[in-house]
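Colleague: Got a structure here, written out as structure tokens. Questions coming.
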Amino acid sequence: MIDVKDTSRKTGAGDSKAADKAKAADNAKGGRRGGRWVSALLAALVCLSGAFAAPASGAFAAPRAHPASSPRPASIAHAAPSAHGASGERLSNAGASSGRSATSNAHSESAPARIGRPASTVPAERKAQPTVRITSVGSPILQPNENLSVSAEVKNPGSTPITVSSSKLTAQKNVPGSRSQVLAFLHGSGSARGSAGMETLVERKDSVVVPAGSTATLTFTVRRFMLPWGATDEDWGPRGVEVSATIGERQAKDRSIVVMAPTVPVTPMPAAALVPLTSAPAEIASNPSVKSQAEHRTPTIPERIPRAVKELSAPGVTLALDPLIADVAGADLTKALASFSRERATQLILTAPGDSDVAARMHGCDDAGELDSCAKAYLDAERALATRVSDDISARLNIDAPRTDIALLPPQTDSLTATGLASAGGGPAVLSGNQTPIKGKGTTPSARMRLPGTSTAALASDTAMSAAFSGTLPENADADSTPSGSETLDALDARQLVLGLSAATYRERPSTSRVTLIEGDRAGMPYLGQADPAKASTDSALSPENMGETVRALMSAPWVAPTTVSGAFDQSPSTVARSSLPEYRSPTGMLTRKELERIDSARKNFDAIVEISGNKALLNQTVTARAYSLTGVAWRASRDSRTEVLKAYEADGRIFLRSIAAERSSTINIISTKSEIPIHVGNSLPVSVTVWVELHSRDPRLKAGKKVKATLAPSSSTKVLIPVKAFGSGNVTADVRILNEAGASVGVTKSLQTRVRSDWENIGTGVFLAFFLTLLIVGTVKSLRKGRRSRSFSPEEVRKARREAAARAAAAKEAT
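The sequence shown begins at 1 in UniProt numbering and counts up by one.
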């Protein structure tokens, strides 16, 4: 936003005077069309009406949006100077457009005036107030022999027209001598001496009428030979510029930075930009259940990730990509990564899976009294996953495998965490510069360092430049300052401040090579800046497009040599003394040991199913990703949401274990000592599973045989026959258990009701045999009692009968 102050400090009569001046100026020009007279007359009437409505104080308050933690006075004209300086301080809304250079000197975009309450009846302090915003400073770096062109937008949010009676462009006479002076100008204090170091470059006296609800663009162009800036080694670098517009008796102002390129060759110093690409808590919380995700095979990659990779494909950029995102990369992300890898001086590294909070893990291991062994097991598991993903990326893109050994330390890291990492074989680390402050005062040191008291190679990011890169105006310009900015920068000022601080850093010690690292914030957890990268609008400083423009501008600077994070580690470590990390810290929102144990316990439920599934890779990928995603650093800023997501994860684990179970059955009759009981086992999982079904009975009348192996198709039911032995008679309740090969339960145990009547078969057989024997005995007895029914024949009689029969047969044959 813009500072607007009342220079008259009188009643509203100043508006009438300004209108009279504008009208007189128009009359003096003569020969104008009648429309010009009408415009001037309308403007005068409007200003007069505003003058009569104005309160006695004449305060003209600039609209602001301040955080609750840093209240500011509503009226700049009457407010006491803030910590950032007096009136004229720089404050731009997050999301303000960076704009483009206008082609005309005074272009007005009209909008229909709103019809409503008369202006004279609205209190002045409640009126919407006009603002000025610099939208372009020409090229990011003003090259030798290039004209200076600055454009500003005058916005009239009110319901009546306003008149800009004059405007001017001023600039600092000298290049600020330090980073602090560069920042002080944007805070409103000039070069630490108010406006004493300012000079006017262009002043316009022509008036511009801005209709209600419209904007007008003012463009100031200064030929290079007209610029009162020298061309020596001492004259290049950042200079503050200010555009002011007179509206009645008031002035609206805005400030930005112009950076002049060196007029002689300079030896560039290495610089790198590190941008984490991780999932925000809100994005993780919106993911479907583990079961649904595995069933539909839908990768959950935020849309902004491929766009960020594409827009940040510039020299000097190192992307720290979450391996969980890379593991499910779709076509868009794969294409963007391929393009990124072809750009010179770029690097892709992988964070810990899910950007896991290493400090929480180290603290949890320490609480359990197993720091060394626990930390090693934890790091080994993470590296195994990250290495697999890294190898896959290398094969897909035909590039060197992304590094997995660089730790992105979270905010408020302590010595316990660093010690745990070192003991577990951790690699180099990256952390914000404020975590190891420089001892004493001096020039900006190199980002390359060693963690104090250890041999761990480290890079300390420049917190002031990182804050500007993240769209926030820092309170302090030091590279190791604590992030504390509360005012947001638009895309233009963010870019120019990064360039200005970079140039000022080089000018501190141009003969000493030092590497600079600027770092972006994690999605969902603003720390260096105030805004969340995951929620950045397309016109904010944090949008991938504008961050890409900032990086390209910085890396194209003559005093900068683009490098990567690995290239920065290759530099010699700085010998500047830094403070050690605190021995112990417990940051707000960090995962507790109990929460980590809950995550691990829920994962065991999933792992039991993964081991018996027919598609272990799919389930393991989904389950592992969800577990690691709950340990991310960004959850520190969303603890309540993390609690809800953790509960859902635990519920998903219980659902998985209930997905395999015997279906309900009616009572089964067992009427033999040996038989097979049919059991229908259901599997509602999206993958096939191999289980062992066992019938367990504590009643001696029913004994089950060996457990039966069965492969259950996805989302279906399968009949399994269980061999049993029955003894005696009675009603027996048995349990149907679903086990894995080792005998551990992997499903729901269900009861099965049986009616054992094993003697019925014996009784039936006995009855049948008794009946048959009875018939046999009765028949035999009857035959014996009745005796023979005819006499017996002698052998001679039998032979005679046979001869007679043969003779009759021969006679019959001859007759035929």
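Backbone N, C-alpha and C define an ideal beta-carbon position, used for all residues, glycine too.
Using three-state DSSP, classify Leu473 as helix, strand or coil.
Modeller: One-based indexing of the sequence shown puts residue 473 at position 473. It is a strand residue.
Colleague: Could you check what DSSP says for Trp236 in three-state terms: helix, strand or coil?
Modeller: Taking the first residue of the sequence shown as position 1, residue 236 is located at position 236. Look at Trp236 here: in three-state DSSP terms it is coil, with no helix or strand label.
Colleague: Assign Lys155 to buried or exposed, taking buried as 16 or more other Cβ atoms, counted over all protein chains shown, within 10 Å of its Cβ.
Modeller: As a position in the sequence shown, residue 155 is number 155, starting the count at 1. Buried, since its Cβ has 16 or more Cβ neighbours within 10 Å.
Colleague: Name the two residues that bound the continuous alpha helix (DSSP H) containing Ile609.
Modeller: On the sequence shown, residue 609 is found 609 positions in, with the first residue counted as 1. Counting along the chain, Ile609 sits inside the alpha helix (DSSP H) bounded by residues 593-610.
Colleague: Looking only at its chain, what residues have a beta carbon closer than 8 Å to the beta carbon of Asn546, apart from the 5 residues adjacent to it on each side?
Modeller: Locating residue 546 in the sequence shown gives position 546, where the first residue counts as 1. For Asn546, where only same-chain residues beyond five positions count, the Cβ hits under 8 Å are Ser98, Ala491, Ala494, Arg495, Asp539, Ser540.
Colleague: Rounded to whole angstroms, what's the CA-CA distance from Val756 to Val691? Just pull it up for me.
Modeller: Residue mapping note: residue 756 aligns to position 756 of the sequence shown, counting from 1. Residue mapping note: residue 691 aligns to position 691 of the sequence shown, counting from 1. Whole-angstrom Cα-Cα distance: 27 Å.
Colleague: Determine the direct distance from the alpha carbon of Lys703 to that of Leu712, and round the result to whole angstroms.
Modeller: Here residue 712 corresponds to residue number 712 of the sequence shown, with the count starting at 1. Here residue 703 corresponds to residue number 703 of the sequence shown, with the count starting at 1. So the two alpha carbons sit approximately 25 Å from each other.
Colleague: Between Ser470, Ala627, Asn620, Pro483, which lies nearest to Pro437 when the distance is taken from Cα to Cα?
Modeller: In the sequence shown, counting from the first residue as 1, residue 437 sits at position 437. It is Pro483 whose Cα lies nearest to the Cα of Pro437.
Colleague: Per the DSSP calculation, residue 820 is bridged to which residue(s)?
Modeller: The requested residue 820 does not occur in the structure, where the chain is confined to residues 1 to 816.
Colleague: Where do the N-terminal and C-terminal ends of the beta strand (DSSP E) with Gly682 fall, by residue?
Modeller: For the purposes of this step, residue 682 is taken as residue 682 along the sequence shown, with counting starting at 1. Per DSSP, the unbroken beta strand (DSSP E) holding Gly682 starts and ends at 674-683.
Colleague: Taking DSSP as the reference, what is the three-state secondary structure of Asp254?
Modeller: Position 254 of the sequence shown, counting from 1, holds the residue named residue 254. Reduced to three states, the DSSP call for Asp254 is strand.
Colleague: By alpha-carbon positions, which one of Val732, Arg383, Ser256 ends up nearest to Ala184?
Modeller: Taking the sequence shown and counting its residues from 1, the one referred to as residue 184 is at position 184. Here the closest residue by C-alpha is Ser256.
Colleague: To the nearest angstrom, how far is the alpha carbon of Asp392 from that of Thr413?
Modeller: Position 392 of the sequence shown, counted from the start, is the residue given in the question as residue 392. Position 413 of the sequence shown, counted from the start, is the residue given in the question as residue 413. Each residue's Cα considered, the two are about 31 Å apart.
Colleague: Can you check DSSP and say which residues form a bridge with Ser543?
Modeller: Residue mapping note: residue 543 aligns to position 543 of the sequence shown, counting from 1. Residue pairing from DSSP leaves Ser543 without any beta-bridge partner.
Colleague: I think Gly589 touches Arg636, with their Cβ atoms under 8 Å apart; what is that distance to the nearest whole Å?
Modeller: Within the sequence shown, the letter at position 589 stands for residue 589. Within the sequence shown, the letter at position 636 stands for residue 636. That pair is a contact at about 3 Å.
Colleague: Along the chain, where does the alpha helix (DSSP H) that runs through Gln172 open and close?
Modeller: Counted from its first residue, the sequence shown places residue 172 at position 172. No alpha helix (DSSP H) holds Gln172; the beta strand (DSSP E) holding it covers 162-172.
Colleague: Applying the 10 Å Cβ sphere with the 16-neighbour rule, what's the burial state of Lys706?
Modeller: Against the sequence shown, residue 706 aligns to sequence position 706. Lys706 comes out exposed.
Colleague: Can you tell me whether Asn669 is buried or exposed, with buried defined as 16 or more other CB within 10 angstroms of its CB?
Modeller: Along the sequence shown, one-based indexing puts residue 669 at 669. Its Cβ having fewer than 16 others within 10 Å, Asn669 is exposed.
Colleague: Going by DSSP, what residue range makes up the alpha helix (DSSP H) through Arg507?
Modeller: The sequence position of residue 507 within the sequence shown is 507, counting from 1. Per DSSP, Arg507 belongs to the alpha helix (DSSP H) from 491-508.
Colleague: Report the residue from Pro268, Pro238, Thr263 whose alpha carbon sits nearest the alpha carbon of Trp559.
Modeller: On the sequence shown, position 559 is the one that residue 559 refers to. Checked all of Pro268, Pro238, Thr263; the closest Cα to Trp559 is Pro268.
Colleague: Would Asn398 be called buried (16 or more neighbouring beta carbons within 10 Å of its own) or exposed?
Modeller: The sequence position of residue 398 within the sequence shown is 398, counting from 1. Counting the other CB atoms within 10 Å of its CB gives Asn398 a total below 16, which places it among the exposed residues.
Colleague: Given Ala245, which residues of its chain have a CB within under 6 Å of its CB, disregarding the five upstream and five downstream residues?
Modeller: What you label residue 245 is simply residue 245 of the sequence shown in a count that begins at 1. Same-chain partners within the cutoff: Val132, Val154, Val164, Ser167, Ala252.
Colleague: Which whole-angstrom value is the C-beta distance of Ala375 and Ala424, which I expect to be below 8 Å?
Modeller: For the purposes of this step, residue 375 is taken as residue 375 along the sequence shown, with counting starting at 1. For the purposes of this step, residue 424 is taken as residue 424 along the sequence shown, with counting starting at 1. Contact check for Ala375 and Ala424: beta-carbon distance about 4 Å, within the 8 Å limit, so the pair qualifies.
Colleague: Run the proximity test for Arg585: is its beta-carbon closer than 7 Å to any non-hydrogen atom belonging to the ligand GDP?
Modeller: For the structure depicted, the ligand GDP is absent and the ligand set is empty, with no information on it obtainable.
Colleague: Assign Ile722 to buried or exposed, taking buried as 16 or more other Cβ atoms, counted over all protein chains shown, within 10 Å of its Cβ.
Modeller: In the sequence shown, the residue the question calls residue 722 occupies position 722. Buried, by the Cβ-count rule.
Colleague: Excluding the 5 residues flanking Gln435 on each side, which residues of the same chain have their C-beta closer than 8 Å to its C-beta?
Modeller: By one-based count along the sequence shown, residue 435 stands at place 435. Cβ within range, chain order: Leu409, Pro411, Gln412, Thr413, Ala460, Leu581.
Colleague: Residue 840: which of Gly614, Ile612, Asp600, Glu611 sits nearest, CA to CA?
Modeller: In the structure displayed, the chain extends from 1 to 816; residue 840 sits before or after that span and is not available.
Colleague: Just to confirm my understanding: we take Phe606, look at its own chain, exclude 5 residues before and 5 after, and list those with CB closer than 6 Å. What are they?
Modeller: In the sequence shown, residue 606 corresponds to position 606, counting from 1. Contacts found: Val623, Gly653, Phe656.
Colleague: Let me confirm a value: Tyr584 is counted as buried when at least 16 other C-beta atoms fall within 10 Å, else exposed. Which label applies?
Modeller: In the sequence shown, residue 584 corresponds to position 584, counting from 1. The residue is exposed, with fewer than 16 neighbouring Cβ atoms inside 10 Å.
Colleague: With burial defined as no fewer than 16 other Cβ atoms inside 10 Å of the residue's Cβ, what is the status of Ile2: buried or exposed?
Modeller: On the sequence shown, residue 2 is found 2 positions in, with the first residue counted as 1. Note on Ile2: pLDDT 35, under 50, position unreliable in the model; the coordinate value appears next. Label assigned to Ile2: buried.
Colleague: By DSSP, does Ala447 sit in helix, in strand, or in coil?
Modeller: Here the question's residue 447 lines up with position 447 in the sequence shown. Ala447 falls in the coil class under three-state DSSP.
Colleague: By the 10 Å Cβ neighbour count, where 16 or more other Cβ atoms means buried, how is Glu370 classified, buried or exposed?
Modeller: Taking the sequence shown and counting its residues from 1, one reaches residue 370 at position 370. Per the 10 Å Cβ criterion, exposed.
Colleague: Using only the alpha-carbon positions, how far apart do Ala429 and Gly520 sit?
Modeller: As a working note, residue 429 is residue 429 in the sequence shown. As a working note, residue 520 is residue 520 in the sequence shown. Spanning the two alpha carbons is a distance of roughly 16 Å.
Colleague: Which residues does DSSP pair with Thr516 in a beta bridge?
Modeller: Residue numbering aside, residue 516 sits at position 516 when the sequence shown is read from its first letter. As computed with DSSP, Thr516 is found in a beta bridge with Ala271.
Colleague: Buried or exposed for Gln172, going by 16 or more other Cβ atoms inside 10 Å?
Modeller: Start at 1 with the first residue of the sequence shown, and residue 172 comes out as number 172. Classification for Gln172: buried.
Colleague: Return the first residue and the last residue of the alpha helix (DSSP H) that Ser305 is part of.
Modeller: Indexing the sequence shown from 1 puts residue 305 at position 305. Residue identity check: residue 305 is Ile in the sequence provided, not Ser. Residues 304-311.
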